Amino acid sequence: MGEIVLKQITKSFGDISVIPPLDLTIANGEFVVFVGPSGCGKSTLLRLIAGLEDVSSGTIRIDGKDATALPPAQRGLAMVFQSYALYPHMTVRNNIAFPLKMARLDKAAVDRKVEAAAAVLNLTGYLDRRPGQLSGGQRQRVAIGRAIVREPTAFLFDEPLSNLDAALRVNMRLEISELHASLGTTMIYVTHDQVEAMTMADKIVVLNAGRIEQVGSPIELYSRPRNRFVAGFIGSPR
Ligand code: ADP
Ligand code: MG
Numbered sequence: 001m002g003e004i005v006l007k008q009i010t011k012s013f014g015d016i017s018v019i020p021p022l023d024l025t026i027a028n029g030e031f032v033v034f035v036g037p038s039g040c041g042k043s044t045l046l047r048l049i050a051g052l053e054d055v056s057s058g059t060i061r062i063d064g065k066d067a068t069a070l071p072p073a074q075r076g077l078a079m080v081f082q083s084y085a086l087y088p089h090m091t092v093r094n095n096i097a098f099p100l101k102m103a104r105l106d107k108a109a110v111d112r113k114v115e116a117a118a119a120v121l122n123l124t125g126y127l128d129r130r131p132g133q134l135s136g137g138q139r140q141r142v143a144i145g146r147a148i149v150r151e152p153t154a155f156l157f158d159e160p161l162s163n164l165d166a167a168l169r170v171n172m173r174l175e176i177s178e179l180h181a182s183l184g185t186t187m188i189y190v191t192h193d194q195v196e197a198m199t200m201a202d203k204i205v206v207l208n209a210g211r212i213e214q215v216g217s218p219i220e221l222y223s224r225p226r227n228r229f230v231a232g233f234i235g236s237p238r
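Residue numbers for the sequence shown follow full-length UniProt numbering, beginning at 1 and rising by one.
Quick look at the structure:
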């Protein structure tokens, strides 16, 4: 579970092409980072995978099944947004439970899943608070909790740490890496931050104007960048 295969997918907005034909295979359990400058199409690519945007052409397969035309809720994926996407008037418990209530699960099952997610994220003592009464890191963990309870086959993160301060960002990177290690679930993580890419990824996908410049492990990209763009972006001396 958690394998995602993109075949010749493209995306245009009107007559502006944002993603030219693109192929990519993400293996089950991989931590894949999409990295590249602002406006290069990282969010668009993630939204295509999530089903929040339709591809203009090409196919998306998830766990061997054609998911190209499936609505987001049927893809088995969970998108983690920045923490300001939390509902400010709801408690932490209800924020995390929200996707389960939408799925009409009974209360005992909801409580069990919410409490298990809270335990993983060190939020057990905070379930009755509201987002405004939490630190930035705790708020981001609540946003992750809301994804965990859905038990997705893959997590999709779009620059989840970009509104946190530098020290907290370092901390949360570690926490997300640990979460990946303990769940073993596929994670796709979008960032424009090279350090984040180098420290978190099993596999980095370097994007430039919607095109994949190179795919490889952090070590491969660092020691054998295919071109100047990759070298410049990853920061190796070539
Ligand atoms: P990134 O996340 O890498 O910063 P995006 O995927 O947000 O980049 O955007 C890639 C390009 O697509 C940008 O030029 C952006 O203006 C354009 N774009 C994104 N979404 C839309 C949209 N809904 N309509 C028109 N253009 C869009
Ligand atoms: Mg973006």
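Ideal Cβ positions, reconstructed from N, Cα and C, are used throughout, including at glycine. Predicted model only: the values in this text are computed from it and were never measured.
DSSP lists no beta-bridge partner residue for T199.
By the C-beta density criterion, T185 is buried, having at least 16 other C-beta atoms within 10 angstroms. For the pair V92 and L121, the CB atoms are not nearer than the 7 Å cut-off. Just measuring C-alpha positions, the residue of L100, H192, E151 sitting nearest N163 is H192. With respect to the C-alpha of T124, the residue from G136, R141, A109 having the closest C-alpha is R141. Rounded to whole angstroms, M200 and A154 show a C-alpha spacing of 16 Å.
The C-alpha of R224 lies about 10 Å from the C-alpha of S217. Sixteen is the threshold: when 16 or more other Cβ atoms of the shown chains lie within 10 Å of the Cβ of F31, as they do, the residue is buried.
Cβ neighbours of D165 within its own chain (closer than 8 Å, five residues either side excluded): G136.
Cα atoms of M90 and L48: separation of roughly 29 Å, rounded to the nearest angstrom. For K42, the closest of V18, R169, I4 by C-alpha to C-alpha distance is V18. Taking a C-beta distance under 7 Å as the contact criterion, G235 and Q194 qualify as a contact pair. In chain order, T25, R61 place their CB closer than 6 Å to the CB of V5, counting only its own chain and leaving out the 5 sequence neighbours on each side.
The C-beta distance from D158 to L46 rounds to 5 Å, short enough to fall under 8 Å.
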